[in-house]
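Under full-length UniProt numbering, the residues of the sequence shown are numbered 1 to 201, in order.
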Amino acid sequence: MHSDTFHPTTARRLALRRATGTDLPGVLALLAETAGWLNRRGVRQWPAGGFPAERIAPLIEEGTMYLLDGEEGPAATLALDGHADPEFWAAEDGPESALYVHKLSVARAHSGRGLGEALLDWAGLRVLATGRRWLRLDCSKDNARLQDYYRGQRFAHLRTVDLPHRASGALFQRAGGLRGGAAGAALPFVDLRGSSVRQHV
């Protein structure tokens, strides 16, 4: 399997790859760390104790969960797929025109190093590589700071779907490709299917 590699604002090159079954404990631990951090700040985006294995294992089995390897476990992870949550995305949104980011998480030890931004840019390139138009996500409807983060990554807030049984519901999208206009060094990417892409972020 080819791996996607890039050099974000860290001194060490990190490798982006598809997660495998043996990565499940590390991915669960990273998601639990992030969930706990969010909940301590009053954000109920994710369950306080993290996700059960049965929620994450299928993403790994489907090949849609990716991770960045750190020195002591995953440095960051995200799932990227064509699954549009039917409670949020309607037929008029053209659900098939987008890829959707889920479970984006950066280990606290790696926060502030540009990993989330780099993963979103990689996801934007995957949108174009698959012939789609949009990169989309949903996030906590009550977390203004997180919503501002995504706005800062050139996502536009489309609407908020307020369902009583869902903590999430703020819907965002941006065009495929890079976030545009951002300064930075050239970051090499190698598509998992083998085609090379080199862009600037």
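Each residue gets a CB set at the ideal place from its N, CA and C atoms; glycine is no exception.
Taking LEU68 as the centre and dropping the five residues before and after it, the same chain places the C-beta of LEU14, LEU16, ALA75 and ALA76 closer than 6 Å to its C-beta, in chain order. TYR66 sits close to ALA19, with the two beta carbons spaced by under 8 Å.
The beta-carbon distance between VAL161 and LEU171, rounded to whole angstroms, is 7 Å. This is short enough to meet the 8 Å contact definition. Judged by beta-carbon spacing, LEU158 lies beyond the 8 Å limit of THR130, meaning their Cβ atoms are not closer than that value. Taking GLY26 as the centre and dropping the five residues before and after it, the same chain places the C-beta of GLY73 and PRO74 closer than 7 Å to its C-beta, in chain order.
If the five residues before and after TYR150 are omitted, its C-beta is found closer than 6 Å to the C-beta atoms of PHE172, all from its own chain and listed in chain order. Under the DSSP assignment, VAL101 falls in the beta strand (DSSP E) whose first and last residues are 98-106. Secondary structure at ARG126: helix, using DSSP grouped into helix, strand and coil.
Here CYS139 has GLN45, LEU146, GLN147, TYR150, SER168, ALA170 and PHE172 as same chain residues with Cβ atoms under 8 Å from its own Cβ, once five neighbours each way along the sequence are excluded. DSSP places LEU31 inside the alpha helix (DSSP H), whose first and last residues are 24-40. The beta carbon of LEU163 sits closer than 8 Å to the beta carbons of GLU87 and GLY169 from its chain, once the five residues preceding and following it are set aside; these are given in chain order. Apart from sequence neighbours up to five positions away, the residues of its chain that approach ASN39 with a beta-carbon distance below 8 Å are TRP46 and ALA48, ordered along the chain.
Taking the Cα of LEU128 as reference, the smallest distance to any Cα among LEU178, LEU24 and GLU54 is reached at LEU178. Between ALA35 and GLY50, the beta carbon gap of about 5 Å places them in contact (Cβ cut-off 8 Å).
Approximately 7 Å separates the beta-carbon atoms of ARG133 and ALA175; this is inside 8 Å, confirming the contact. Nearest Cα to PRO58 within the set ALA144, SER111 and LEU28: LEU28. Under the three-state reduction of DSSP output, GLY177 falls in the coil class, being neither helix nor strand. Going by C-alpha positions, GLU61 is about 13 Å away from ASP81.
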